[in-house]
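Asks:
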Amino acid sequence: MPLVAHRRGLAAVEIILALRTPLYDLHVALGARLVDFGGWDMPVAYGSQIEEHHAVRRAAGVFDVSHMCVIDLQGARVRAFLRELLANDVARLTQPGKALYGCMLREDAGIIDDLITYFLDDQWFRLVVNAGTRDKDLAWIRGRAAAFGVEVRERSELAMLAVQGPQARAALAALLPPDEARAAMSLETFFGAQLGAWFVARTGYTGEDGFEVMVPAGAAVELWRGLNEQGVQSCGLGARDTLRLEAGMNLYGSDMDESNHPLESGLAWTVAFEPAERAFTGRAALERARATPGGRKLVGLLLADRAVMRSHQRVLCAAGEGQVTSGTFSPTLAQSIALARVPAACATPGGEVQVEVRGKPFTARVLKPPFVRHGRSLVGS
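Going by our numbering, the residue at position 14 of the sequence shown is 10; the numbering climbs one at a time, nothing skipped.
(1) At a cut of 8 Å, does the stretch 311 to 319 reach the stretch 268 to 281 through at least three beta carbon pairs?
(2) Whose C-beta lies closer than 6 Å to the C-beta of GLY98 among residues of the same chain, with five residues either side of it excluded?
(3) Considering ARG29, what are the terminal residues of the beta strand (DSSP E) in which it resides?
(4) Taking DSSP as the reference, what is the three-state secondary structure of ASP205?
(5) For the pair the stretch 331 to 341 and the stretch 289 to 300, tell me if three or more CB-CB distances fall below 8 Å.
(6) Along the chain, which unbroken stretches of the beta strand (DSSP E) at least 3 residues long are found entirely within the stretch 71 to 95?
(7) Span of the beta strand (DSSP E) holding VAL196?
(8) Of all the alpha helix (DSSP H) runs that stay within the bounds of the stretch 269 to 299, which reach a length of 4 or more residues?
(9) Give the DSSP bridge partners of THR113, in chain order.
(10) How many angstroms separate the CA atom of LEU89 from the CA atom of THR238?
(11) Put VAL9 into one of helix, strand or coil per three-state DSSP.
(12) Who are the near neighbours of VAL125 in its chain, counting only those whose CB is closer than 6 Å to its CB and skipping five residues on each side?
(13) Roughly how far, in whole angstroms, is the beta-carbon of PRO18 from the beta-carbon of ARG29, given that I think they are within contact range, below 8 Å?
(14) Compute every distance between the C-beta of LEU282 and the non-hydrogen atoms of the ligand HEM, then say whether any falls below 7 Å.
(15) Work out the CA separation of ILE137 and ARG149 for me, nearest whole Å.
(16) What does ILE333 pair with, by DSSP beta-bridge criteria?
(17) Count the other CB atoms, across all protein chains shown, that sit within 10 Å of the CB of ALA141; report buried if there are 16 or more and exposed otherwise.
(18) Does DSSP put CYS313 in a helix, a strand or coil?
(19) I'd like the list of long-range same chain contacts for GLN226, defined as Cβ closer than 6 Å, with 5 residues on each side in sequence excluded.
(20) Looking at the structure shown, is CYS342 part of a helix, part of a strand, or coil, going by DSSP?
(21) Rounded to whole angstroms, how far is the Cβ of GLU48 from the Cβ of ALA235, which I believe are closer than 8 Å?
(22) Who are ASP104's beta bridge partners in DSSP?
(23) Around the Cβ of SER44, are there at least 16 other Cβ atoms within 10 angstroms (buried) or fewer (exposed)?
(24) Let me check understanding here. Comparing Cα to Cα, which of ASP37, ASP253, ALA179, ALA105 lies closest to GLY93?
(25) So who's on the other strand from GLY318, going by DSSP bridges?
(26) Starting from the C-beta of ALA87, find all residues in its chain whose C-beta is less than 7 Å away, skip the five residues before and the five after it, and write them out in chain order.
(27) Would you tell me roughly how many angstroms separate the C-alpha atoms of GLU218 and ASN224, rounded to the nearest one?
(28) Roughly how many angstroms lie between the CA atoms of ALA213 and ARG221, to the nearest whole one?
(29) State the start and end residues of the unbroken beta strand (DSSP E) segment that holds LYS356.
(30) Among ALA303, LEU259, GLN319, which residue has its Cα nearest to the Cα of GLY290?
(31) Taking only the alpha-carbon atoms, compute the straight-line gap between GLY347 and GLU317 and give it to the nearest angstrom.
(32) State the DSSP-derived secondary structure class of ASP68, mapped to helix, strand or coil.
(33) Quick one: using the 10 Å Cβ neighbour count with 16 as the cut-off for buried, is SER103 buried or exposed?
(34) Which residue's Cα is closest to the Cα of ARG286: SER261, ARG306, VAL304, ARG302?
(35) Measure from the alpha carbon of PHE325 to the alpha carbon of each residue in SER307, ALA340, ILE107, ILE67, then state which is nearest.
(36) May I have the straight-line CA-CA distance separating ARG53 from ALA158, to the nearest angstrom?
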């Protein structure tokens, strides 16, 4: 780990170390521009971020997501534990490999993290949580798992690659033995399977088809190079952000955090209020929020003018004020798009709001995300 900061005080020296994934040296060799992302040295782009974005929409790209945290939970009562821990209900997971997206909440319904849960067998589930919330997530989970006799194991020996785009699945399958390739290509959306040394899941964060693949750390470079040889573009965090925003997908720390609950973060669909007797953490607070008129909603915004919406900009409407949570220029639409949290009265699709860009108001149309899915614009005229 490299030294990235050295601060000397009166009584102590503080050293801050950057974290590196198993693919770090390859990123350097490929000429990636590296940035600090939640304490990790990560590639933001290898050349043109716009070209990387279009490669995923039109063909295939590969991303290093090894900074994310894989956690295995095992025990006879692991399902009961997760039914209490998560706002979504793992009782829905009945087929091995099936995945579920949802949130882990505080008692006040603030979002600790959003994550994916995989059902592997009756005593074994796998979680994939965000890099920036790794430490607090592990502490929260471990603090509650003991009462259920659940073992919590961080799988730090695994690397994780996301292979995304209309040609992504075929490119990855070409690197597998024939039987495993057929199994990978037959995976349904939001299912994963252990194929030899790889755990392959048909999930992603781009709005395109593809796989997320967990492999032993020592195999990550060979897999990446193999994908490049199949014509898959190396892609950085910059393209990943524009792709996920076009797909209307939240980013933890921007579009939601512990100060927001799922109902005001566009995530009501991830909360399983039924059955009514399931007492998941944060339920009482969410019930109160659901019964209270008004509040705030997360919406999509589309700007017709030649300006770019960015996070933290003010959003003005007749019912009050909101804020852009994520904004960018959409390479696919060639317009600025954003997610914004606004008063519920201003959240009707088709309505208009004013966004302050560098102190000047611009009119934006309210939309229901996503903006783009599977390479196709979902934005009407």
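Beta carbons: idealized from backbone N, C-alpha and C, even for Gly. Since the structure is predicted, the reported quantities are computational estimates derived from the model, not experimental observations.
Replies: Checking against the coordinates, here is how it stands:
(1) no
(2) LEU82, ALA83, ASN84, THR266
(3) 29 to 33
(4) coil
(5) yes
(6) none
(7) 194 to 197
(8) 279 to 287
(9) LEU96, LEU123
(10) 31 Å
(11) Residue confidence for VAL9 is low, a pLDDT of 43 falling below 50, so the modelled location carries little weight; the figure read from the coordinates is stated next. It is a strand residue.
(12) CYS65, ASP109, LEU111, ASP133
(13) Not really, about 19 Å apart at Cβ, beyond 8 Å.
(14) Of the ligands one can find in the structure shown there are none, so the ligand HEM has no counterpart to examine.
(15) 11 Å
(16) LEU298, THR324
(17) buried
(18) strand
(19) ALA167, ALA170
(20) helix
(21) 4 Å
(22) None, per the DSSP bridge assignment.
(23) exposed
(24) ALA179
(25) VAL311
(26) ARG79
(27) 10 Å
(28) 14 Å
(29) 356 to 363
(30) LEU259
(31) 15 Å
(32) strand
(33) The displayed chain sequence assigns Glu, not Ser, to residue 103. The residue is exposed, with fewer than 16 neighbouring Cβ atoms inside 10 Å.
(34) SER261
(35) SER307
(36) 14 Å
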